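**Q** Sending over a structure as C-alpha cells; questions will come in a sec.
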Amino acid sequence: MEKKFEIKDLITVGVFSALYFVVMFAVACFGFIPIFMVFTPFLCPLVAGIPLMLYFSKIKHFGMITITGTLIGIIMFVIGHPYPILLFCIGAGLLTEVILKMGNYQSIKHCVAGSAVFSLWFLGMVIAFFFSFREAYFASIVDGYGQEYVEAMKSYTPTWVFFAMIIMCLVGGAIGGLLGAKVLKKHFRKAGMA
C-alpha cells in the first residue's frame, strides 16, 4: 500500500543511500587491483544485497530509490566519473521503482528483481573503460594510477567485457537480493512482505 511521502522517508533515503554507498565503495576498492576491477560489477551488488534489501523493505511509495540513484550518480560524477554515470544511476533507479511498484512494495520476488536491475547503475562507473571514452579516460588516469595499471586495465577490458559486465551486474544483484532476502526473512515477515 502506497503512503504519502514524509520527512521520515527522506531520512530513510539518506541513511540507506549512505549505507549502500559505503558498502559498494568498500568492495569497489578491490578495483585497485586491475583484474578485480573486471569482477566488481558482480562482487559489489552481491555484497550490497543485504543493505539494499533491507532498504527495499522500508520503501512504501514511488520516488525513494530514484532519489538514491540520483544521489549516487551525483557523488560518482563529482569524484570524477564521466557524465553517463548520472544517466545509468537515474535510469536504474527509475526501472527499479517500476519493478517495486509492480509488486506493490510487498513482494520479495519483486525486491530481488529490483536488486538485480538497480545494480545496473554500476555500468555507468565502468563505461569509461569502453567505447568512445576509453582512450581519453585511460590517458587521464595515468598520472594517478601509473602506466602499468593502465596497460593492465586495457588488456582486461576489450569491448566484449562490457556486455559480460551487464550479465555480472544482473546475476550479482539477483544473488545479493536472494541472500539479503534469506538473511532478512524475519524482518520481511514482520514488515508484512511475501
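If you number the sequence shown the way the numbering used here does, the last residue is 402 and the count never jumps.
The C-beta atom is built at its ideal place from N, Cα and C for all residues, glycine as well.
What you are looking at is a predicted structure, and each value in this text was computed from that prediction instead of being measured.
Within the same chain, show all residues whose beta-carbon is closer than 7 Å to that of F213, passing over the 5 residues directly before and after it, in chain order.
**A** The count along the sequence shown starts at 1 and reaches residue 213 at position 5. Within the same chain, F213 has close Cβ partners H269, G271.
**Q** Looking only at its own chain, which residues have a Cβ that is under 8 Å from the Cβ of A372, when we skip the five neighbours before and after it?
**A** Here residue 372 corresponds to residue number 164 of the sequence shown, with the count starting at 1. There are no such residues.
**Q** Within its chain, find whatever has a CB closer than 6 Å to the CB of A360; leave out the 5 residues flanking it on each side and keep chain order.
**A** Position 152 of the sequence shown holds residue 360. Correct list, in chain order: P242.
**Q** Who are the Cβ neighbours of V246 in its own chain at under 8 Å, not counting the five residues just before and after it?
**A** Taking the sequence shown and counting its residues from 1, one reaches residue 246 at position 38. Only Y364, T365, V369, M373 meet the Cβ criterion.
**Q** Under 8 Å Cβ to Cβ from M310, same chain only, skipping five residues before and after it: list those, please.
**A** As a position in the sequence shown, residue 310 is number 102, starting the count at 1. Closer than 8 Å at Cβ, skipping near neighbours: H318.
**Q** State the CB to CB distance for the pair S323 and G388, rounded to an integer number of angstroms; the pair is presumed to be in contact (CB under 8 Å).
**A** Indexing the sequence shown from 1 puts residue 323 at position 115. Indexing the sequence shown from 1 puts residue 388 at position 180. Right, their Cβ atoms sit about 7 Å apart.
**Q** Tell me where the alpha helix (DSSP H) around S225 begins and ends.
**A** Looking up residue 225 in the sequence shown gives position 17. That run of the alpha helix (DSSP H) goes 215–236.
**Q** Please say whether F330 and P249 have beta carbons closer to each other than 7 Å?
**A** Locating residue 249 in the sequence shown gives position 41, counting from the first residue. Locating residue 330 in the sequence shown gives position 122, counting from the first residue. Yes.
**Q** Between H289 and A336, how many whole angstroms is the CB-CB distance? I'm expecting something under 8 Å.
**A** Your numbering for residue 289 matches position 81 in the sequence shown. Your numbering for residue 336 matches position 128 in the sequence shown. Between A336 and H289 the Cβ distance is about 7 Å, and since that is below 8 Å, they are a contact.
**Q** If the criterion is Cβ atoms closer than 7 Å, does the pair T228 and P259 meet it?
**A** Taking the sequence shown and counting its residues from 1, one reaches residue 228 at position 20. Taking the sequence shown and counting its residues from 1, one reaches residue 259 at position 51. Here residue 228 is Tyr; the residue named in the question, Thr, does not match the sequence. In contact: Y228 and P259 (Cβ atoms closer than 7 Å).
**Q** Tell me the start and end of each unbroken alpha helix (DSSP H) in the segment 240–271 that is at least 4 residues and wholly inside, in chain order.
**A** Runs found: 242–266.
**Q** In three-state DSSP terms, what is Y313?
**A** Sequence index remark: in the sequence shown, residue 313 carries index 105 (1-based). The answer is coil: DSSP assigns Y313 none of H, G, I, E or B.
**Q** Anyone know if the C-beta pair for G332 and I293 falls short of 7 Å?
**A** As a position in the sequence shown, residue 332 is number 124, starting the count at 1. As a position in the sequence shown, residue 293 is number 85, starting the count at 1. A contact, by the Cβ cut-off of 7 Å.
**Q** For the alpha helix (DSSP H) that contains A360, what are its first and last residues?
**A** In the sequence shown, residue 360 corresponds to position 152, counting from 1. Looking at the DSSP string, the run of the alpha helix (DSSP H) that includes A360 is 355–364.
**Q** Within its chain, find whatever has a CB closer than 6 Å to the CB of G257; leave out the 5 residues flanking it on each side and keep chain order.
**A** For the purposes of this step, residue 257 is taken as the residue at position 49 of the sequence shown. Here the set comprises S323, G384, G385, L387, G388.
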